[in-house]
Amino acid sequence: IQDIGTRFYTYISTLGLAMEAAAEAGLRFVVLDRPNPINGVDVAGPVTDAGSESFTAYHALPVRHGMTVGELARMFRHERGLALDLVVIRMEGWKRPMYYDATGLRWINPSPNMRSLAQALLYPGIGLLETTNLSVGRGTDTPFEVFGAPWLDERELALQLNGLDLPGVVFVPVRFTPDASKFAGEECGGVNILVVNRETFQPVRTGLAIARVLRTAHPERWELEAYARLLVSERALTLLRDGAGVDDLEAAWSGELEAFRQRRARHLLYE
Numbered sequence: 129i130q131d132i133g134t135r136f137y138t139y140i141s142t143l144g145l146a147m148e149a150a151a152e153a154g155l156r157f158v159v160l161d162r163p164n165p166i167n168g169v170d171v172a173g174p175v176t177d178a179g180s181e182s183f184t185a186y187h188a189l190p191v192r193h194g195m196t197v198g199e200l201a202r203m204f205r206h207e208r209g210l211a212l213d214l215v216v217i218r219m220e221g222w223k224r225p226m227y228y229d230a231t232g233l234r235w236i237n238p239s240p241n242m243r244s245l246a247q248a249l250l251y252p253g254i255g256l257l258e259t260t261n262l263s264v265g266r267g268t269d270t271p272f273e274v275f276g277a278p279w280l281d282e283r284e285l286a287l288q289l290n291g292l293d294l295p296g297v298v299f300v301p302v303r304f305t306p307d308a309s310k311f312a313g314e315e316c317g318g319v320n321i322l323v324v325n326r327e328t329f330q331p332v333r334t335g336l337a338i339a340r341v342l343r344t345a346h347p348e349r350w351e352l353e354a355y356a357r358l359l360v361s362e363r364a365l366t367l368l369r370d371g372a373g374v375d376d377l378e379a380a381w382s383g384e385l386e387a388f389r390q391r392r393a394r395h396l397l398y399e
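Position in the sequence shown (from 1) plus 128 gives the number in my numbering.
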């Protein structure tokens, strides 16, 4: 199973549910491990609020978890107390700092709208916007590389976002018309997100900065409450309502993120 390193990409939820079923049936469960395409080092974003688990938030993970599916399976078994005969077939040659294009493997779309490593890297930040009244490029040739809406001015939005000097990314004004999904057949103003340095680019921080710009510039139009559906952090939502900056947001969950790093350490299989 090929995950892309983001909590709400639901293949890992399917993994967990299948593990529960195997444990109940007394079956051995085998995971043929696969690379985390956006590296196994970086973790970011709030950890799922306790009691708020769902199919898009199966376990207490941050938005970007930095684990492989085999490592997640080990964590799920341990932290959920599953009496499961789990076998993880480890990869050979994979190192935690690797992006997918360093593996020598050909990219095969894990799902129809996840067509490239660039889109996988953007997904932890741009995917968070999908539950709101924005198009994130589904129905175009570049899902998750663009976002917008019929009510957005693309030039103003690009100017606001580029003015933040976010590391490793630039925003290009664009107009696009999705042929499917949200705003199908409607022309949208928005931006094309170009990652110019993936070593400094921070997708979750970028997504939060976008949310803050939308909240400030369009408080009556942009659906902040819907943004919480994938963020799954009441504290983060409250801070966004109050106009907190991205530094304040990240500081609010720094403790839980460090606790997650400690939780995951025992389950890691690779250097």
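Even for Gly, the Cβ is constructed at its ideal location relative to N, Cα and C.
- Buried is the label assigned to V302, since at least 16 other Cβ atoms lie within 10 Å of its Cβ.
- With fewer than 16 other beta carbons inside 10 angstroms of its own, A230 counts as exposed.
- For G383, the closest of V171, D370, A151, R266 by C-alpha to C-alpha distance is V171.
- Put simply, the backbone Cα of Q390 is about 43 Å away from that of C316.
- If only complete runs of 3 or more residues are kept, the region 208–242 shows the beta strand (DSSP E) at 213–217, in order along the chain.
- With respect to the 8 Å criterion, T184 and L336 are not classified as neighbours on the basis of their beta carbons.
- Annotation for I338: the continuous alpha helix (DSSP H) segment containing it runs 331–345.
- Around the beta carbon of R392, a 10 Å sphere encloses 16 or more other beta carbons of the protein chains shown; the residue is thus reported as buried.
- Here I217 is exposed: its Cβ has fewer than 16 other Cβ atoms, across all protein chains shown, within 10 Å.
- The beta carbon of N290 lies closer than 8 Å to those of V298, F299 in the same chain, with the five residues before and after it left out.
- Restricting attention to beta strand (DSSP E) runs no shorter than 3 residues, the region 143–191 encloses them at 156–160, 172–175, ordered along the chain.
- When secondary structure is reduced to three states using DSSP, V374 falls in the helix class.
- Of the candidates E284, T260, P240, T142, P240 places its Cα closest to the Cα of T270.
- Here L212 is near F157, since their CB atoms are less than 8 Å apart.
- Relative to R205, the option among L160, A151, P331, A354 whose CA is nearest is A151.
- Straight across, the Cα-Cα distance linking A146 with M203 is about 14 Å.
- With respect to the C-alpha of L377, the residue from A387, R363, E386, F388 having the closest C-alpha is R363.
- Sequence-distant Cβ neighbours of S309 in its own chain, meaning closer than 6 Å and more than five residues away, are R266, G267.
- With a cut-off of 8 Å on Cβ pairs, the region 322–331 is not in contact with the region 258–265, counting fewer than three such pairs.
- In the structure shown, the three-state DSSP call for S382 is helix.
- Under the DSSP assignment, L368 falls in the alpha helix (DSSP H) whose first and last residues are 362–369.
- For L249, the enclosing alpha helix (DSSP H) has its first and last residue at 245–254.
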